[in-house]
Amino acid sequence: MSRSSTDRLGTEVFVVDSSPAVALALSAHRPSEESTYVLCRAESERGPDFTCRVLKRARQIQTHRRIGSLWYVVGSKSFEPTGSVGLLEELLPLLERGARVTLATPRSFGSVVFGWVDTLLGRTGGDVNMGVRFYPDVSELRRGAPPSGFGSQQQCA
447 MSRSSTDRLG
457 TEVFVVDSSP
467 AVALALSAHR
477 PSEESTYVLC
487 RAESERGPDF
497 TCRVLKRARQ
507 IQTHRRIGSL
517 WYVVGSKSFE
527 PTGSVGLLEE
537 LLPLLERGAR
547 VTLATPRSFG
557 SVVFGWVDTL
567 LGRTGGDVNM
577 GVRFYPDVSE
587 LRRGAPPSGF
597 GSQQQCA
């Protein structure tokens with residue numbers, strides 16, 4: 447028996463591209479769907495391997511559930527701009543119409559991530575909502591800033 451996309455339960459996929467950022471990201475996260483899948487990059491995992499693993503798992507998830515929300519957490523340690531944008535571009539078609547994409551990033555990468563938003567919005571055709579959440583840079587935490595999870599938020603579309 448096959449289910450239509452409207453019969454499938456909603457889920458969110460949480461992609462963490464830096465193992466040091468996972469605790470900060472998950473401590474501030476508030477689920478918005480029936481279930482959440484967390485795909486975290488291992489410290490020793492190469493970018494292309496991570497991309498392949500995330501895409502394979504996202505396709506498996508999408509066959510059984512509607513992906514209504516995607517979080518992509520960027521970490522300064524594993525920052526690979528072209529790999530990240532490529533992965534996001536390949537994930538977009540797997541999302542339900544009207545899905546929410548949130549890019550979580552250290553404040554210092556804000557300008558780069560807003561460039562990603564421009565690129566990605568040009569490819570979505572207005573089918574997704576996109577936002578950016580900033581969290582403190584590791585250097586800020588070392589100086590004694592409280593680890594408040596995700597700080598400011600910017601709605602993009």
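Numbering (my numbering), first residue to last: 447 to 603.
Even for Gly, the Cβ is constructed at its ideal location relative to N, Cα and C.
- Under DSSP, the beta-bridge partners assigned to C486 are V462.
- When DSSP states are grouped into helix, strand and coil, R569 belongs to the helix group.
- Here P539 is exposed. Its C-beta has fewer than 16 other C-beta atoms within 10 Å.
- V462 is positioned such that its CB atom lies closer than 8 Å to that of V519.
- For G556, DSSP records no beta bridge to any residue.
- Out of T457, G568, R579, Y581, the CA that lies nearest to the CA of T509 is found in T457.
- Judged by DSSP in its simplified three-state form, R512 adopts strand.
- Between Q506 and S554, the alpha-carbon positions lie close to 34 Å from each other.
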